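Asks:
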Amino acid sequence: MMLKKIVSVAKKTSLCFCLLGLAAVQLQAQSPSNVKVHGTVYDAEQRGNTPLDFVSVAFPDYAIGTTTDANGHYSLSNIPLGKARMRVTYLGKLPIDTLVNVTQDMRLDFSLHDENFKIKEIVVTATSNEAGKATSSSISRTAMDHLQATSLSDLMSLLPGGLSTNPSLNSAQQINIRQVSSVTANEDLNGLGTAIIRDGAPISNNANLSSLNPTVAGSASALAGGASPSGGTDVRSISTENIESVEVIRGIPSVEYGDLTSGAVIIRTKAGREPLRIKAKANPNVYQASMGTGFDLGGRKGALNVSADYAYNINDPRASYQHYQRATARVLYSNVFFNNKLRSNTSLDFTYGKDTRDRNPDDERTQTASDGRDAGFTFNTNGTWNINHGWLQNLRYVASATYTDKSSFYEQVYSQANSYYSMTTTDGAILSNTAGQHLYDADGNEITHFGDADAQHYAQYLPASYKGRYDIDSKEINIYAKLTANLFKRSGNIYNRILFGADFKSDGNRGDGKTFSPNTPPYRNLNQKNASFRPRAYKDIPFINQVGAFAEENFNWQIGERNFTLQAGVRYDHVSVAGGAFSPRANASFDIIPHHLTIRGGYGITAKMPTLLYLYPEKAYFEYANLNELANEAIPEDERLLITTTRVFDVQNRDLKIAKNHKAEVGFDLRWGQMRLGVTAYQEKLKNGYSLGQDFTTFRPVNYDVYERNEDNQLVLSGSYPVLADYYKPGNNRFITNRGIEFDLDLGRIDAIRTAFSLTGAWMRTESWNNSYVFYDESGSAAEGRTDVAIYAPGSSKRHDQQFATTLRATHNIPSIGFVVTLSAQAVWQEANWTTYGNDSIPLGYLSVQDASVHMFEPGQFTTRDEVSEAGYDYLLRNVSHNAGIKESYSPYFNFNINVTKEISDNFRVSFFANNMFRSYPRRESKRNPGDFTTLNNRFFFGLELSLTL
């Protein structure tokens, strides 16, 4: 019950914090003099005082920063007097984040140490952010190396509640945040709402259309692997080898981040000088090799960082015909201009991925084969111009353009494949089995109906078995630009950092789209009567354009030893077709006991814009056979006729709403010595989630005319039958509520045993339902047997998923020999799912087969199924099973993993991991289906990585 109050508490807390902040602004104090902080940054690993250039030195709370010059010198002016955080960072070096007390013009020199496994306070887990901002976790380069991650997805096991998985590239991977669900629609919607942002620019899946026919199937599964058009980015394509750090925002993000609902993954790639690193890793599924280095170009010409990666994955050694390959390459140029005022990074990325299923030599019946390839280039330029004049501290910019060429195919020998197919895309076209043939009935009325565009098209009856193949050519283009201004002003103990800016996105597809031979089209959809397929050119679809603007106040009030922080802002986005949406967001914190106890809370709305799949869906096609004499041996073969009618319906939904997630959370941070405990309770309500569904408008009346020959061998109408053509269209029918409690306990390092302990975990519950009416049609495919379609209550079933998992990590390290070992004990204390049901057995009404008109019964007219039958509506009753209402749950089970890293020398490192090292495979009997058993835990898995530094 307490979780249900989170929204109310968070709103009230945020309101109180806002009012407190507004009151504080009224307090005026004499603004102290600003001073200069300068100094030199040295390389601690080199003998003597070797300066480091291109080091980033900043006061992040003031939005004031610069970069060291060729002599390692930096200078920051207009620094307010008082205590403030100072941060010094450099690629491959341990960052320095320290509190300095600025009392006058000061010289502060720093020495940076290499970030390796010889550090006493090594961090190989995710670390939490500071209070007062979005709840997030940061993952360092060291943690990625220790984990031996092969893709971005592997890092999610380090988050509170995250479960370890065996590194693999078997299938498409997307990032889900704060959600536990095995329902594909939920996973896709959460993944779609998770923004993957690399070097300031989002990696977009908005232009992905690679699916066969969503309006017929009611879903958008990917063809031949890769990301689903209804889901998020396939992060298999993102190698971790050229990443410096990753931040995963789970809470309420800053308003500068748009086009998201679930959260954001912020990737910062390597830039600048670093030694040559060569790596090779292997496990039972993946073989991977990578290299990377960075070097100065001399003088003031900047630095160049280059990297490359190749990975080969086999799904199963016993099925080597299924495999995946990835190749990436990156070149990044960085430099400073205008006396270190402007720091800029410009990169060019190449990505290649290939999902392949070669024909299985043992598969003589279906001869299934598929291939999905994508090759893409991304140009990105981003930088910061440090102005430091008056309120304006800096301007940040990013511009990015991505071109991805995707080519995929699927082929299979179909059986029981008889169906009708004509080549026309014209609504109402009536064709015979001879191109250009005009046919008339006994009264001289023309039966066929077509124009010049269909003069060469004809109808055909597909054979019972044939080998079909279809291809998809997709050329996705994603453009992004963003400009942000940072302002800062201090008045006494009140600090104001104001952020405002704008961004622009454009997503489109210039591919040839879906193609196939009209003589061997894809296999018919058995669930949709008379449904058919047609090719579609993606290049005919308009681009999606999105414009956003945002403003945010980052307020800090030092009240004695206590700090009150408030991050509050609003964002507005406008997108093609769907319109605009406001997204207010706020995070706040207050120190109850200075340096020991902080409370925090937040509330905000995030919005994900619809993609091409939902804004411009493909049309729905139907094929009706008016006459089929092809098997009539009484008629000469060259005189046998086949006549079909094609109906085409536009399924675009111009009333589509923008999906929004209402996020609320409260929590506290407790610090005592080196111990830290953070606890967060959250609730998120996703409303108007995107789906492909049905409503009253997706059932269209069609007159199904059937002809025969009379005794004079003339064609006559033997019957005209009313039928309903039904399809799926984009809608806002998906609703998901996520709630939970996360905690992160860091006990620090106990020097006596050289071991650090941490305990993380999360209790999560996901509730999901579809808020559309449910339709039931018991009739067969014959024209004369069609009946009315039953209407059942919307949201008549609700899926519940629940999980409580913890991970205890003990990290033992011996810095002098560069040895680190981490033992992880993962416990799943609860894992359950069940479904609750409303009225799913008594219809509310029906759609008339005559004209698709809606006929709703009077409320309470029928209370039992018998009453429905007695009233003559027994054909509207569907069989229901509430077996899923039985709660399927498993007793606790445990998994133990080990990660070992050893620096053999200054130039060579070896890492090893073993998942489920005790080979624990608990079996649990199903409560729904006694006699069925489920084996839990990952299978025993291990891997090795070798790293050479030159």
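The sequence shown begins at 0 in numbering that gives the first Met the number 0 and counts up one residue at a time. Note that beta-carbon positions come from the ideal geometry of N, C-alpha and C, so glycine has one too. None of these values were measured; they are calculated from a predicted model.
Report the rounded CA-to-CA distance for Asn379 versus Thr697, giving the unit in angstroms.
Replies: Locating residue 379 in the sequence shown gives position 380, counting from the first residue. Locating residue 697 in the sequence shown gives position 698, counting from the first residue. Rounded to the nearest angstrom, the two C-alpha atoms are 43 Å apart.
Asks: Report the CB separation of Ala530 from Tyr465 in whole angstroms; it is logged as a contact under 8 Å.
Replies: On the sequence shown, position 531 is the one that residue 530 refers to. On the sequence shown, position 466 is the one that residue 465 refers to. Actually they do not touch by this definition, with Cβ atoms about 18 Å apart.
Asks: Using only alpha-carbon positions, find the residue among Asp470, Leu498, Ile540 that is nearest to Ser516.
Replies: Residue mapping note: residue 516 aligns to position 517 of the sequence shown, counting from 1. The shortest C-alpha separation from Ser516 is found at Asp470.
Asks: Can you tell me whether Ala83 is buried or exposed, with buried defined as 16 or more other CB within 10 angstroms of its CB?
Replies: Mapped onto the sequence shown, residue 83 falls at position 84. By the 10 Å Cβ count, Ala83 comes out buried.
Asks: I'd like to know whether the C-beta atoms of Gly975 and Ser795 end up nearer to each other than 8 Å.
Replies: Any answer about residue 975 is impossible in this case: the structure gives the chain only from 0 up to 949.
Asks: Tell me the DSSP bridge mates of Glu887?
Replies: Taking the sequence shown and counting its residues from 1, one reaches residue 887 at position 888. Beta-bridge pairing links Glu887 to Asn832.
Asks: CB Leu596 to CB Leu482, shorter than 8 Å?
Replies: Mapped onto the sequence shown, residue 596 falls at position 597. Mapped onto the sequence shown, residue 482 falls at position 483. Not closer than 8 Å, so no.
Asks: So, for Glu120: in the same chain, excluding its five sequence neighbours on each side, which residues have a beta-carbon less than 7 Å away from its beta-carbon?
Replies: On the sequence shown, position 121 is the one that residue 120 refers to. Once the five neighbours on either side are set aside, the close Cβ partners of Glu120 are Arg748.
Asks: With a CB to CB cut of under 6 Å and the five nearest residues on each side skipped, what residues in its chain are close to Thr345?
Replies: Numbered from 1 along the sequence shown, position 346 holds the residue referred to as residue 345. Cβ neighbours of Thr345 beyond the five flanking positions: Tyr332, Thr380.
Asks: Throw me the rounded Cβ distance for the Ser136 and Leu158 pair, which I believe falls under 8 Å.
Replies: Start at 1 with the first residue of the sequence shown, and residue 136 comes out as number 137. Start at 1 with the first residue of the sequence shown, and residue 158 comes out as number 159. With 8 Å as the limit, Ser136 and Leu158 qualify as a contact, their Cβ atoms being about 5 Å apart.
Asks: Of all the alpha helix (DSSP H) runs that stay within the bounds of the segment 141–215, which reach a length of 4 or more residues?
Replies: DSSP runs (the alpha helix (DSSP H)) wholly in the segment 141–215: 183–191.
Asks: What does the Cβ neighbour count give for Lys504, buried or exposed, with the cut at 16 atoms within 10 Å?
Replies: Reading the sequence shown from its first residue, position 505 is the one you call residue 504. Buried.
Asks: Leu222 by DSSP, collapsed to three states: which one?
Replies: Counting from one through the sequence shown, the residue named residue 222 turns up at place 223. Three-state result, Leu222: coil.
Asks: Taking its Cβ as the centre, do 16 or more other Cβ atoms sit within 10 Å of Val853, making it buried, or is it exposed?
Replies: Numbered from 1 along the sequence shown, position 854 holds the residue referred to as residue 853. Under this definition Val853 is an exposed residue.
Asks: Indicate the three-state DSSP secondary structure (helix, strand or coil) for Arg599 in the structure shown.
Replies: The residue labelled residue 599 in the question sits at position 600 within the sequence shown. Residue state, collapsed to three classes: strand.
Asks: According to DSSP, simplified to helix, strand and coil, what is Ser582?
Replies: By one-based count along the sequence shown, residue 582 stands at place 583. Strand, per DSSP.
Asks: Span of the beta strand (DSSP E) holding Ser289?
Replies: For the purposes of this step, residue 289 is taken as the residue at position 290 of the sequence shown. Residues 285–295.
Asks: Looking only at DSSP bridge pairs, what is Ser823 linked to?
Replies: Residue 823 sits at position 824 when you count from the first residue of the sequence shown. Answer is Arg808, Asn896.
Asks: Cα separation between Tyr320 and Asn359?
Replies: Along the sequence shown, read from residue 1 onward, the residue named residue 320 stands at position 321. Along the sequence shown, read from residue 1 onward, the residue named residue 359 stands at position 360. For Tyr320 and Asn359, the distance between alpha carbons rounds to 6 Å.
Asks: Between which two residues does the beta strand (DSSP E) harbouring Ser421 extend?
Replies: The count along the sequence shown starts at 1 and reaches residue 421 at position 422. Note, Ser421: beta strand (DSSP E), 419–421.
Asks: Under the assumption that Gln801 contacts Gln825 (Cβ atoms under 8 Å), give the Cβ distance between them as a whole number of angstroms.
Replies: As a position in the sequence shown, residue 801 is number 802, starting the count at 1. As a position in the sequence shown, residue 825 is number 826, starting the count at 1. Their Cβ separation, rounded to whole angstroms, is 17 Å, which puts Gln801 and Gln825 out of contact at 8 Å.
Asks: Whose C-beta lies closer than 6 Å to the C-beta of Phe581 among residues of the same chain, with five residues either side of it excluded?
Replies: Stepping through the sequence shown from its first residue, residue 581 is reached at position 582. Excluding sequence neighbours, Phe581 sits near Tyr571.
Asks: Less than 8 Å between the CB atoms is what I'm expecting for Ala831 and Ile740, so what's the real figure, rounded?
Replies: Your numbering for residue 831 matches position 832 in the sequence shown. Your numbering for residue 740 matches position 741 in the sequence shown. Wrong, their Cβ atoms sit about 16 Å apart, outside the cutoff.
Asks: Once DSSP output is grouped into helix, strand and coil, what is the label at Lys538?
Replies: If you number the sequence shown from 1, residue 538 lands on position 539. Here Lys538 sits in helix by DSSP.
Asks: With a threshold of 16 other CB atoms inside 10 Å of the CB of Gly20, please say whether the residue is buried or exposed.
Replies: On the sequence shown, residue 20 is found 21 positions in, with the first residue counted as 1. Residue placement at Gly20 is flagged as unreliable, the pLDDT there being 42, under the threshold of 50; a coordinate-derived value is accordingly withheld.
Asks: Quick one: residues in its chain with C-beta nearer than 6 Å to the C-beta of Lys659, no 5 flanking neighbours on either side, listed in chain order?
Replies: Against the sequence shown, residue 659 aligns to sequence position 660. The residues are Ile604, Ala606, Lys686.
Asks: Does DSSP put Ser30 in a helix, a strand or coil?
Replies: Position 31 of the sequence shown, counted from the first residue, corresponds to residue 30. Confidence is the limiting factor: at Ser30 the pLDDT is only 42, short of 50, which leaves the residue's position unreliable and the question unanswerable from this model.
Asks: In terms of residue numbering, what span does the beta strand (DSSP E) encompassing Asp108 cover?
Replies: Translated into the one-based positions of the sequence shown, residue 108 becomes position 109. Looking at the DSSP string, Asp108 is not in any beta strand (DSSP E), and its letter there is neither H nor E.
Asks: Under the assumption that Asp187 contacts Ser229 (Cβ atoms under 8 Å), give the Cβ distance between them as a whole number of angstroms.
Replies: For this step, residue 187 is matched to residue 188 along the sequence shown. For this step, residue 229 is matched to residue 230 along the sequence shown. Contact holds; Cβ gap of about 5 Å.
Asks: Check the C-beta distance from Tyr413 over to Tyr522 and give it rounded, since I have them as a contact under 8 Å.
Replies: Position 414 of the sequence shown, counted from the first residue, corresponds to residue 413. Position 523 of the sequence shown, counted from the first residue, corresponds to residue 522. About 5 Å; that satisfies the 8 Å criterion.
Asks: The beta strand (DSSP E) with Ser1028 in it runs from where to where?
Replies: Absent from the structure is residue 1028, since the part of the chain shown begins at 0 and ends at 949.
Asks: State the CB to CB distance for the pair Asn204 and Ala226, rounded to an integer number of angstroms; the pair is presumed to be in contact (CB under 8 Å).
Replies: Numbered from 1 along the sequence shown, position 205 holds the residue referred to as residue 204. Numbered from 1 along the sequence shown, position 227 holds the residue referred to as residue 226. With 8 Å as the limit, Asn204 and Ala226 qualify as a contact, their Cβ atoms being about 5 Å apart.
Asks: Is it buried or exposed for Glu869, if we count other Cβ within 10 angstroms and need 16 for buried?
Replies: For the purposes of this step, residue 869 is taken as the residue at position 870 of the sequence shown. So Glu869 counts as exposed.
Asks: Do Gly250 and Thr193 have their beta-carbon atoms positioned less than 8 Å apart in this structure?
Replies: Reading the sequence shown from its first residue, position 194 is the one you call residue 193. Reading the sequence shown from its first residue, position 251 is the one you call residue 250. No, they are not a contact pair.
Asks: Quick one: grab the DSSP three-state call for Phe932.
Replies: Taking the first residue of the sequence shown as 1, we reach residue 932 at position 933. Looking at Phe932 - three-state DSSP - the assignment turns out to be strand.
Asks: Is there contact here, the segment 195–213 with the segment 766–780, by at least three beta-carbon pairs under 8 Å?
Replies: These segments do not touch.
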